[in-house]
Amino acid sequence: MEKTHPILELAKNRGFLWPAYELYGQVAGFYDYGPHGAALKRRIEDAFRRLYLAEGYLEVENPIVAPEEVFIASGHAGHFTDPMAECPKCGTAYRLDHLLKENPEAARAQKCPQCKGSLTETRPFNLMMATHIGPSKRPGYLRPETAQGIYITFKRLYRLGREKLPLGAFQLGTSFRNEISPRQGLLRLREFHMAEAEVFVHPDEKEEHPRFAEVEGVPLRLVDAQDREKTMTSAEAVSTRTLLHQTLAYHMARVQQLLLHLGIPQERLRFRQHRKDELAHYALDCWDAEVQTKAYGWVEVVGIADRGDYDLTRHSKQSGEPAGVFIPYPEPQTRKVRTIRVDKKAIGQQLGSRAAEAIRALSALPPEKLRGPTIQVQAGGQTCTIDPKHITIEEKEQKVTGETITPHVIEPSYGLDRILYSLLELNHREEQVEEEPRAVIGLPPHMAPVQAAVFPLLGNHPGLAARARELHRTLRQAGLRAEYDDSGAIGRRYRRQDEIGTPYCITIDHQSLEDGTATIRERDSMKQERTPTREIPGYIQQRTAPPPF
RNA sequence: GCGCCGAUGGUCUAGUGGUAUGACUUGGGCUUCCCAAGCCCAAAGUCCGGGUUCAAUUCCCGGUCGGCGCACCA
Numbered sequence: 072m073e074k075t076h077p078i079l080e081l082a083k084n085r086g087f088l089w090p091a092y093e094l095y096g097q098v099a100g101f102y103d104y105g106p107h108g109a110a111l112k113r114r115i116e117d118a119f120r121r122l123y124l125a126e127g128y129l130e131v132e133n134p135i136v137a138p139e140e141v142f143i144a145s146g147h148a149g150h151f152t153d154p155m156a157e158c159p160k161c162g163t164a165y166r167l168d169h170l171l172k173e174n175p176e177a178a179r180a181q182k183c184p185q186c187k188g189s190l191t192e193t194r195p196f197n198l199m200m201a202t203h204i205g206p207s208k209r210p211g212y213l214r215p216e217t218a219q220g221i222y223i224t225f226k227r228l229y230r231l232g233r234e235k236l237p238l239g240a241f242q243l244g245t246s247f248r249n250e251i252s253p254r255q256g257l258l259r260l261r262e263f264h265m266a267e268a269e270v271f272v273h274p275d276e277k278e279e280h281p282r283f284a285e286v287e288g289v290p291l292r293l294v295d296a297q298d299r300e301k302t303m304t305s306a307e308a309v310s311t312r313t314l315l316h317q318t319l320a321y322h323m324a325r326v327q328q329l330l331l332h333l334g335i336p337q338e339r340l341r342f343r344q345h346r347k348d349e350l351a352h353y354a355l356d357c358w359d360a361e362v363q364t365k366a367y368g369w370v371e372v373v374g375i376a377d378r379g380d381y382d383l384t385r386h387s388k389q390s391g392e393p394a395g396v397f398i399p400y401p402e403p404q405t406r407k408v409r410t411i412r413v414d415k416k417a418i419g420q421q422l423g424s425r426a427a428e429a430i431r432a433l434s435a436l437p438p439e440k441l442r443g444p445t446i447q448v449q450a451g452g453q454t455c456t457i458d459p460k461h462i463t464i465e466e467k468e469q470k471v472t473g474e475t476i477t478p479h480v481i482e483p484s485y486g487l488d489r490i491l492y493s494l495l496e497l498n499h500r501e502e503q504v505e506e507e508p509r510a511v512i513g514l515p516p517h518m519a520p521v522q523a524a525v526f527p528l529l530g531n532h533p534g535l536a537a538r539a540r541e542l543h544r545t546l547r548q549a550g551l552r553a554e555y556d557d558s559g560a561i562g563r564r565y566r567r568q569d570e571i572g573t574p575y576c577i578t579i580d581h582q583s584l585e586d587g588t589a590t591i592r593e594r595d596s597m598k599q600e601r602t603p604t605r606e607i608p609g610y611i612q613q614r615t616a617p618p619p620f
C-alpha cells in the first residue's frame, strides 16, 4: 500500500478536486470538485440514473434538512446523544452508556478500565450535523443519508406507482456526517454524495425476481461473513443460500454491472458480507461492493442491504400513520371469522369508568379465554370479573379480498465520491513513450470529462488555427465537451489531454486545408486516423456515447 | 479526540535570526509539418495567531490543515 497515490496530485493540478476552503486554511472533510471532477461525477450520476430508470424506478429529490422526528424514527438521533469519554493516557474512547452496562464501577469513577487513567469529561458524540429550523428553532439535522426521504414519502410514491409492488425509487444527493476525524481524502468526508435506490418488495416475493434470468449467469466474487471467498454465478449463489434470495442477488449483479460500466476493473471488485457484529441490528443481510484501491486497500463503495420492514415500521410508529399496503388476493376468499360481541351497556353499568378499558381488553382476548364460567380482565388497575352472558361469540362467513402487508426494502446505496476516487486511481497509469513519461487516465470514453480536444498542428499558423477553432465550435454545438489548445508543441498538448483522460484528440494540419480532413488520435493506442472533418462530430459522439444497460 | 511527524510560488523542492534556491508548470514571443525538444521574456511563495528579539520563514507556545498509528465510522 502506498501512502498517497500520485493520482491525488494529478487530480489537484488538473482540476478534478481541491481541498475546500483553501483560502481560509481548509476545512477537513470537505472537497471542491473542479471542472473535470464535476464532469466525471456527473457521468457517474448519469450512469446510475440510466440504470435505475431502466429498472422502471422513480427519481425523487427530498430536502437535505429534516426535523428531529425523522431521525428519532430512523434511530440516528439516539446515536447522536451517545455520551463519549476518552482516556488521555491510552487513547481509548468509550461510549459511556456501554461502559455503564459493562463496567459500572469504572464508569462512575471515571477511570479507564484498561490503564486506570482518568477519563475526560463526558460529551455528546455528534454524528449528525445539527441545525435549527426557522425562528422557533425547531431542532433539525442535515441528513446522514438520502434514504429517509423516500421512506417518509412511500405512501405517495406507492400511489403514484399505481399501488403495485415491487416499487423502486431512487435519489442522488448530498449527505452529511460530522466525522470525528475525516481521513483518506475522498473516502471519509463530512459532506459527501450518495446515490441510493430503495426497492420496496412484498416480503413473500423476495425469493424470486421477475428479471433474474437476465443476471443468473453473472459471476460474482463473494466473501461471506466467515471470510470464505468464492466466485460463483448469481444463480449458484442463491441455490447454495450464499445469498438470501434472488432479489438481493439480482441487485448485486446490477451493482456490479454498473461499476464495471463506469470503469472499475473486474479483478479489483468483490462483494463482502457484513459480519454479525457489523450488521446493523435491523438489516437482514448486507453485502458491500468493495474496490481494491492501490493506496487504501479494499474500500466499500456500495452497500446492498435487505433492511426488512424496519424503516417503514419505525416511521409508522413515530408518526402514527399505518405503514402497510393492501394487497388484494387474485380471487376474494371467504373465511369463517369469529367476531366477539360485547354487551357494552351491561358492562358499562357494572364497571362504570373502567368499562371502556375492560371492553378493549375483552376484544383482545383469545377465544378460548372467553369460554369459561367467568372471564377476567384487567382494567383500571384491578381485575374485573365479567359474566360470560355479556359476551356473544359469532361465527360468520366473511369475504376477504386481500391482506395488509408492510413491504421490505432492498437498498443499494452508492458512495459517489469513493467511486470517483477509485475510477481515477485505478484508471491512472504512467508509462514511458520514447524515453518520455506519459501519465494517462484511461477512463472508458463515455466516462471521460472531456470527450475531444482540437489542435492546430502549428499554434501560430492563422489558417490552421481558424480551421481548428471552427471544428472546436462545431463539436461544442453538438453537445460535446471539447477543448481547444494551440500552445507549445503538439506532443505536449497530447500529454495534457492524456492526463485528464480525453479519448480523442483532433489535429488540423496542412492537408486539412487542402482536402478537409483531420487526424483523430486515440488516447490508448496513440494511433491516428485521418477522417473528413464534417464526419468528426458524429465520429466522436458515436464513440463516447454510453452503452445501454 | 489522543500520540508521532510535517507545512516554503500552481506543483515538487533548497536554505536561512537580516523576507528566499532550483526544477517543473503557467502566460507572452521565436522556432517547429504529429507525441512533454530548444531559445528569450514574464508572473508566482515562507499556513494562521501570539511570544522572545533591533529583526522570526527560521526559535518557543497555541491553533488550523495534512500524513501515519490508536479510537470512531450508528
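The first sequence begins at 72 in this note's numbering and counts up by one.
All residues carry an ideal CB built from backbone N, CA and C; glycine is no exception.
Given the structure is predicted, the values throughout are model-derived calculations rather than measurements.
(1) So what's residue 343 in DSSP terms, helix, strand or just coil?
(2) Between the C-alpha atoms of residue 340 and residue 533, what's the straight-line distance to the nearest angstrom?
(3) Enumerated in chain order, which unbroken segments of the beta strand (DSSP E) with a length of 3 residues or greater are wholly contained in the region 414 to 478?
(4) State buried or exposed for residue 379, treating a residue as buried only when at least 16 other CB atoms are found within 10 Å of its CB.
(5) Exposed or buried, which one is residue 586 when buried takes at least 16 other CB atoms within 10 Å?
(6) Could you check whether the region 502 to 518 touches the region 569 to 586, counting it as contact only if at least three pairs of C-beta atoms, one from each stretch, sit closer than 8 Å?
(7) Could you name each continuous alpha helix (DSSP H) segment of 4 residues or more that falls completely within the region 542 to 601, going from the start of the chain to the end?
(8) Quick test of your reading: residue 269 and residue 218, contact by CB under 8 Å. State the CB separation rounded to the nearest angstrom.
(9) Count the other C-beta atoms from every protein chain shown that fall within 10 angstroms of the C-beta of residue 247, then say buried if there are 16 or more, exposed otherwise.
(10) Could you compute how far the alpha carbon of residue 537 sits from the alpha carbon of residue 83?
(11) Does the region 105 to 112 come close enough to the region 75 to 95 to have 3 or more Cβ pairs within less than 8 Å?
(12) Classify residue 271 as helix, strand or coil using the three-state DSSP reduction.
(13) Measure how close the beta-carbons of residue 330 and residue 360 come, nearest whole angstrom, since I'm counting them as under 8 Å.
(14) Is residue 149 helix, strand or coil by DSSP?
(15) Let's test the definition: count the other Cβ atoms within 10 Å of the Cβ of residue 74 and tell me whether it reaches 16, buried, or not, exposed.
(16) Mind pulling the beta strand (DSSP E) runs of 3 or more residues that sit fully within the region 347 to 391?
(17) What's the C-alpha gap between residue 613 and residue 275?
(18) Measure the CB-CB distance between residue 457 and residue 471 and report whether it falls below 8 Å.
(19) Shortest alpha-carbon distance to residue 209 belongs to which of 222, 136, 390?
(20) Opposite residue 499 in the DSSP bridges: which residues?
(21) Mapping DSSP to helix, strand and coil, what is residue 83?
(22) Can you name the start and end residues of the alpha helix (DSSP H) that residue 251 belongs to?
(23) State the DSSP-derived secondary structure class of residue 615, mapped to helix, strand or coil.
(24) Given this structure, state the Cα-to-Cα distance separating residue 232 from residue 383, to the nearest angstrom.
(25) Beta carbon of residue 318, beta carbon of residue 481: below 8 Å?
(26) At a cut of 8 Å, does the region 486 to 498 reach the region 546 to 560 through at least three beta carbon pairs?
(27) Is the beta carbon of residue 280 sitting closer than 8 Å to the one on residue 321?
(28) Skipping 5 residues on each side, what residues in its chain have a beta carbon closer than 7 Å to that of residue 529?
(29) Where does residue 96 land, buried or exposed, given buried means 16+ other C-beta within 10 angstroms?
(30) With a threshold of 8 Å, are at least 3 pairs of Cβ atoms found where one atom belongs to the region 117 to 129 and the other to the region 238 to 253?
(31) Applying the criterion that 16 or more other CB atoms from any shown protein chain within 10 Å of the CB defines a buried residue, is residue 397 buried or exposed?
(32) Near residue 337, what residues of its chain come up, given a Cβ to Cβ distance below 8 Å and the 5 sequence neighbours on each side ignored?
(33) In terms of alpha-carbon separation, which member of 431, 578, 489, 102 lies closest to residue 372?
(34) Below 7 Å CB to CB, which residues in the same chain sit around residue 118 once its five sequence neighbours on both sides are set aside?
(35) Determine the extent of the beta strand (DSSP E) in which residue 200 is found, giving its start and end residues.
(36) How many angstroms separate the CA atom of residue 132 from the CA atom of residue 335?
Checking against the coordinates, here is how it stands:
(1) For residue 343, the three-state secondary structure derived from DSSP is strand.
(2) Rounded to whole angstroms, residue 340 to residue 533 spans 50 Å at the Cα level.
(3) Taking only runs of at least 3 residues, the beta strand (DSSP E) segments lying wholly in the region 414 to 478 are 446 to 450, 453 to 457, 462 to 476.
(4) Burial check for residue 379: the Cβ neighbour count within 10 Å reaches 16 or more, so the residue is buried.
(5) With fewer than 16 other Cβ atoms within 10 Å, it is exposed.
(6) Touching, yes, given that three or more Cβ pairs across the two stretches are closer than 8 Å.
(7) Within the region 542 to 601, the complete alpha helix (DSSP H) runs of at least 4 residues are 561 to 571, 581 to 586.
(8) Contact holds; Cβ gap of about 6 Å.
(9) Counting the other Cβ atoms within 10 Å of the Cβ of residue 247 gives 16 or more, which makes it buried.
(10) Approximately 32 Å between the Cα atoms of the pair.
(11) Yes: at least three Cβ pairs fall under 8 Å.
(12) Three-state result, residue 271: strand.
(13) With 8 Å as the limit, residue 330 and residue 360 qualify as a contact, their Cβ atoms being about 6 Å apart.
(14) Three-state result, residue 149: helix.
(15) Because the pLDDT at residue 74 is just 46, under 50, the model does not fix this residue reliably, and the value given afterwards should be weighed accordingly. With fewer than 16 other Cβ atoms within 10 Å, it is exposed.
(16) Runs of the beta strand (DSSP E) inside the region 347 to 391: 356 to 364, 368 to 377.
(17) Roughly 44 Å separates the two Cα atoms.
(18) Result no, Cβ atoms of residue 457 and residue 471 do not sit closer than 8 Å.
(19) In this structure, 136 is the residue among 222, 136, 390 with its C-alpha nearest to the C-alpha of residue 209.
(20) DSSP, once it has assigned bridges, lists 512 as partnering residue 499.
(21) Note: residue 83 maps to helix in three-state DSSP.
(22) First-last for residue 251: undefined, no H or E at that position.
(23) Assigned with DSSP and collapsed to three states, residue 615 falls in helix.
(24) Rounded to whole angstroms, residue 232 to residue 383 spans 17 Å at the Cα level.
(25) Yes; because the gap between Cβ atoms is below 8 Å, this pair is in contact.
(26) Contact fails: fewer than three Cβ-Cβ distances are below 8 Å.
(27) In this structure, residue 321 lies closer than 8 Å to residue 280 by Cβ.
(28) So the qualifying residues of the chain are 535.
(29) Around the beta carbon of residue 96, fewer than 16 other beta carbons lie within 10 angstroms, which makes this residue exposed.
(30) Contact holds: three or more Cβ-Cβ distances are below 8 Å.
(31) It is exposed - the Cβ of residue 397 has fewer than 16 other Cβ atoms within 10 Å.
(32) Beyond the five residues adjoining it in sequence on each side, residue 337 comes within less than 8 Å, by CB distance, of 331 in the same chain, given in chain order.
(33) Checking every option, the nearest Cα to that of residue 372 belongs to 489.
(34) Sequence-distant Cβ neighbours of residue 118 in its own chain, meaning closer than 7 Å and more than five residues away, are 329, 332, 333, 617.
(35) Here the beta strand (DSSP E) through residue 200 covers 200 to 204.
(36) In a straight line, the C-alpha of residue 132 is about 27 Å away from that of residue 335.
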